[in-house]
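A.B. asks: One structure, as structure tokens, below. Some questions next.
Residue numbers (the numbering used here), protein chains in the order written: chain A, 278 to 458; chain B, 338 to 730.
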């Protein structure tokens, strides 16, 4: 192996060490499943390495990897869309430190709802509310228009409001729905 | 309207993400990726040696399309120059080309239209001009179809984006505020022979401008979570601070808001141009019903307003979803997903993926059923396709 190649590989390993945890977190939110998230990150890193010699000196390595992550996830959902059903319940590791609190119950209800969302709506929510991307950035990453980003987010939020009503309603606490005056 | 849910999402997603397991073996991850990449490269080399697709490039300003997945037809199509003409005719495709630091549009006639020395992010083809956006310059510009006239406007913020109306006669620069509470719109006509003063207004971020003419502005928004589809009067403007009075100040007579979750549902507001909101509350109901059509006509005082709303609904229904192709990309999957640049036609007729400097681009043609993958040999120096917003006939 040439010295140049070896040096590039070392840089890639450093990148993976620095960023793989963040990629895993985003992948888990996208897929809702640890095993699939790991597959997604592995595929993302493989594709990132294929372009490494070209992108390693740019400022956009992480943006590139993120785009691969979201696009690969999109390709998986496209391929599987005929037979895939929404996960009823996201795989969730036991959190023994957590009491059954109001906060936890609301969050769990939200998480179950996200699991049932179409995958593109889920991707928009993760990008907007976890990665704090602007709608223009989300549009660029997912290859859709800004209007579509907003409408997909709106659709997801509307569904969530229907399902949860309000955070209190998710707990079974009766509240009157908000009405127009 | 969704503040509590949005706060829950932000905290809930962050909390859930933090519960992801520690990645125990980063070095192993990297080595697996490196090994996987080497396997893919070996497979590509073997595939290339076994034949691969021959490409056809016909002269400057002409591009060729070759289906990849219908292997039996490849020889015929590669040898048949009419397929190129058919492709040009089908998509009316134009390109931005780099002519050595100066950029130009290669138009449908094969002529070049100079657009300056800054590479744009996107170029939109409208009826009477090209609209250029540049995030490096933070500007949106207009160049006439023959290149003889140009103008440019600075973005108020790096988050500014540009949207085009359905008839491709004008564009809007849209700038959200830092809290995503309001968006500032600046509407500009693109006319062949006149420069009109832009029109500006600021409305709730919940509204997304989709289309407009001189009398009526059409937005999309989430209406369902409030109305549940009810045929009645609702009070979005006063309840949710939509700020429709700003549209009246900008000269509009009417506003139609199409439900993003059910595009057959719309709410109509009545304005007095330069006189504020003319009627308390918005009339909501099904698009196309006599009651709603009459209300759009009465509020807008414009015979073309109903068609404007109908066109917007049609466009929204046809383009809101990114094509979900079941196309198996085969050996081209890696190339497709490694592409750093992707453009999707505004009418979802095609999608282009490539990296800067590639001599061929991957294109998925969604205009055919089933969609199919083609290789595009773009003109020399091509850096991106022009987004053609002129409605297909």
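All residues carry an ideal CB built from backbone N, CA and C; glycine is no exception.
1) Quick check: the Cα distance between residue 459 of chain A and residue 476 of chain B, rounded to an integer number of angstroms?
2) For the alpha helix (DSSP H) that contains residue 311 of chain A, what are its first and last residues?
3) Using a C-beta cutoff of 8 Å, does residue 480 of chain A count as contacting chain B?
4) By how many angstroms is the C-alpha of residue 586 of chain B removed from the C-alpha of residue 672 of chain B?
5) Is the CB of residue 410 of chain A under 8 Å away from at least one CB in chain D?
6) Strictly below 8 Å CB to CB, what residues from chain A border residue 627 of chain B?
7) For the beta strand (DSSP E) that residue 462 of chain B lies in, which residues bound it at each end?
8) Pairing CB atoms from the stretch 517-534 of chain B with CB atoms from the stretch 452-467 of chain B, are three or more of them under 8 Å?
9) With DSSP run on the structure shown, which of helix, strand or coil describes residue 488 of chain B?
10) So, is residue 343 of chain A buried or exposed, given that buried needs 16 or more other C-beta atoms within 10 angstroms?
11) Do residue 605 of chain B and residue 620 of chain B have their C-beta atoms closer together than 8 Å?
12) Which value, in whole angstroms, describes the spacing of the CA atoms of residue 423 of chain A and residue 323 of chain A?
13) Below 8 Å on the Cβ atoms is my contact criterion, and I expect residue 722 of chain B with residue 680 of chain B to pass it. Report the Cβ-Cβ distance as a whole number of Å.
14) Which word fits residue 382 of chain B, buried or exposed, when buried means at least 16 other C-beta atoms lie within 10 angstroms of its C-beta?
15) Should residue 330 of chain A and residue 285 of chain A be called a contact, given that it needs their Cβ atoms to be closer than 8 Å?
16) Of all Cβ atoms in chain B, is any one closer than 8 Å to the Cβ of residue 316 of chain A?
17) I'd like the list of long-range same chain contacts for residue 594 of chain B, defined as Cβ closer than 6 Å, with 5 residues on each side in sequence excluded.
18) According to DSSP, simplified to helix, strand and coil, what is residue 293 of chain A?
19) Considering residue 680 of chain B, what are the terminal residues of the alpha helix (DSSP H) in which it resides?
20) Kindly indicate the opening and closing residues of the alpha helix (DSSP H) around residue 633 of chain B.
21) Who does residue 558 of chain B pair with in a DSSP beta bridge?
22) Compare the beta carbon distance of residue 537 of chain B and residue 517 of chain B with 8 Å and say whether it is the shorter of the two.
23) Going straight from the alpha carbon of residue 432 of chain B to that of residue 418 of chain A, what length do you get?
24) Mapping DSSP to helix, strand and coil, what is residue 542 of chain B?
25) Starting from residue 509 of chain B, trace the beta strand (DSSP E) in both directions and tell me its first and last residue.
26) With 8 Å set as the bound, which would you pick, yes or no: does the beta-carbon of residue 395 of chain B sit closer than that to a beta-carbon of chain A?
27) Assign residue 438 of chain A to one of two classes, buried (16 or more other C-beta atoms within 10 Å of its C-beta) or exposed (fewer than that).
28) Using a Cβ-Cβ cutoff of less than 8 Å, which residues in the same chain neighbour residue 487 of chain B once the five nearest sequence positions on both sides are dropped?
29) Would you list the residues sitting across from residue 526 of chain B in a DSSP beta bridge?
30) Alpha carbon to alpha carbon, how far is residue 589 of chain B from residue 551 of chain B? Give it in angstroms, no decimals.
31) For residue 337 of chain A, name the three-state secondary structure that DSSP assigns.
32) Quick check on residue 623 of chain B: does DSSP put it in helix, strand or coil?
33) Between the C-alpha atoms of residue 395 of chain B and residue 592 of chain B, what's the straight-line distance to the nearest angstrom?
34) Just to check my reading of the structure: residue 688 of chain B and residue 701 of chain B have Cβ atoms closer than 8 Å, yes? What is that Cβ distance to the nearest angstrom?
35) Around the C-beta of residue 374 of chain A, are 16 or more other C-beta atoms found within 10 angstroms, so that it is buried, or is it exposed?
36) Could you check the C-alpha separation between residue 319 of chain A and residue 510 of chain B for me, to the nearest Å?
C.D. replies: Let me spell this out:
1) For residue 459 of chain A there is no data in the structure shown, the boundaries of chain A being 278 and 458.
2) Sequence index remark: in the first chain, residue 311 of chain A carries index 34 (1-based). Residue 311 of chain A -> alpha helix (DSSP H) spans 311-327.
3) As displayed, chain A neither begins before 278 nor continues past 458, which places residue 480 of chain A out of reach and without an answer.
4) The residue labelled residue 672 of chain B in the question sits at position 335 within the second chain. The residue labelled residue 586 of chain B in the question sits at position 249 within the second chain. Roughly 51 Å separates the two Cα atoms.
5) Absent here is chain D; the protein component of the structure consists of chains A and B.
6) Working through the second chain from its first residue, we reach residue 627 of chain B at position 290. The contacting residues do not exist; residue 627 of chain B stays about 24 Å from chain A at best.
7) Against the second chain, residue 462 of chain B aligns to sequence position 125. First-last of the beta strand (DSSP E) with residue 462 of chain B: 459-463.
8) Yes, they touch.
9) Counted from its first residue, the second chain places residue 488 of chain B at position 151. DSSP places residue 488 of chain B in strand when its eight states are reduced to three.
10) Position 66 of the first chain, counting from 1, holds the residue named residue 343 of chain A. Buried is the call here.
11) Counting from 1 along the second chain, the entry for residue 605 of chain B is found at position 268. Counting from 1 along the second chain, the entry for residue 620 of chain B is found at position 283. Closer than 8 Å, so yes.
12) Looking up residue 423 of chain A in the first chain gives position 146. Looking up residue 323 of chain A in the first chain gives position 46. Taking the straight line joining both Cα atoms gives about 29 Å.
13) If you number the second chain from 1, residue 722 of chain B lands on position 385. If you number the second chain from 1, residue 680 of chain B lands on position 343. That belief holds up - the Cβ atoms of residue 722 of chain B and residue 680 of chain B are roughly 5 Å apart, short of 8 Å.
14) Taking the second chain and counting its residues from 1, the one referred to as residue 382 of chain B is at position 45. In this prediction, residue 382 of chain B scores a pLDDT of 48, lower than 50, which makes its location untrustworthy; no coordinate-derived value is stated.
15) Stepping through the first chain from its first residue, residue 330 of chain A is reached at position 53. Stepping through the first chain from its first residue, residue 285 of chain A is reached at position 8. Yes, they are a contact pair.
16) Taking the first residue of the first chain as 1, we reach residue 316 of chain A at position 39. It does not: the Cβ of residue 316 of chain A has no partner Cβ on chain B nearer than 8 Å.
17) Here residue 594 of chain B corresponds to residue number 257 of the second chain, with the count starting at 1. Only 556, 558 and 604 meet the Cβ criterion.
18) Taking the first residue of the first chain as 1, we reach residue 293 of chain A at position 16. Helix.
19) Translated into positions along the second chain, residue 680 of chain B becomes position 343. Note, residue 680 of chain B: premise wrong, no alpha helix (DSSP H); beta strand (DSSP E) at 678-681.
20) On the second chain, residue 633 of chain B is found 296 positions in, with the first residue counted as 1. Start and end: 627-637.
21) The residue you call residue 558 of chain B lines up with position 221 of the second chain. The partner list for residue 558 of chain B (beta bridge, DSSP) reads B/596.
22) If you number the second chain from 1, residue 537 of chain B lands on position 200. If you number the second chain from 1, residue 517 of chain B lands on position 180. No, they are not a contact pair.
23) Against the second chain, residue 432 of chain B aligns to sequence position 95. Against the first chain, residue 418 of chain A aligns to sequence position 141. Annotation: residue 432 of chain B to residue 418 of chain A spans about 22 Å, alpha carbon to alpha carbon.
24) Residue 542 of chain B sits at position 205 when you count from the first residue of the second chain. Coil, per DSSP.
25) Position 172 of the second chain, counted from the first residue, corresponds to residue 509 of chain B. Counting along the chain, the beta strand (DSSP E) containing residue 509 of chain B begins and ends at 507-513.
26) Counted from its first residue, the second chain places residue 395 of chain B at position 58. With a pLDDT of only 24 at residue 395 of chain B, under 50, the local geometry of the prediction cannot be trusted, and the value read off the model is given with reservation. Using a Cβ-Cβ cut-off of 8 Å, residue 395 of chain B does not count as an interface residue toward chain A, since no Cβ of chain A sits closer than that to its own.
27) Residue mapping note: residue 438 of chain A aligns to position 161 of the first chain, counting from 1. Buried.
28) For the purposes of this step, residue 487 of chain B is taken as the residue at position 150 of the second chain. Cβ within range, chain order: 452, 453, 478, 479, 480 and 481.
29) As a position in the second chain, residue 526 of chain B is number 189, starting the count at 1. DSSP lists B/507 as partners of residue 526 of chain B.
30) The residue you call residue 551 of chain B lines up with position 214 of the second chain. The residue you call residue 589 of chain B lines up with position 252 of the second chain. Separation of residue 551 of chain B and residue 589 of chain B (C-alpha to C-alpha, rounded to the nearest whole angstrom) is 7 Å.
31) Mapped onto the first chain, residue 337 of chain A falls at position 60. Three-state result, residue 337 of chain A: coil.
32) For the purposes of this step, residue 623 of chain B is taken as residue 286 along the second chain, with counting starting at 1. Residue 623 of chain B falls in the strand class under three-state DSSP.
33) Position 58 of the second chain, counted from the first residue, corresponds to residue 395 of chain B. Position 255 of the second chain, counted from the first residue, corresponds to residue 592 of chain B. No answer about residue 395 of chain B holds up, because its pLDDT of 24 lies below 50 and its placement is not dependable.
34) Taking the first residue of the second chain as position 1, residue 688 of chain B is located at position 351. Taking the first residue of the second chain as position 1, residue 701 of chain B is located at position 364. Rounded, the Cβ-Cβ distance is 5 Å, consistent with contact.
35) By 1-based counting over the first chain, the position of residue 374 of chain A is 97. For residue 374 of chain A, the predicted structure reports a pLDDT of 38, less than 50, and the residue's modelled location is therefore unreliable. A value from the coordinates is still provided. The residue is exposed, with fewer than 16 neighbouring Cβ atoms inside 10 Å.
36) Within the first chain, numbered from 1, the residue matching residue 319 of chain A stands at position 42. Within the second chain, numbered from 1, the residue matching residue 510 of chain B stands at position 173. So the alpha carbons of these two residues sit roughly 39 Å apart.
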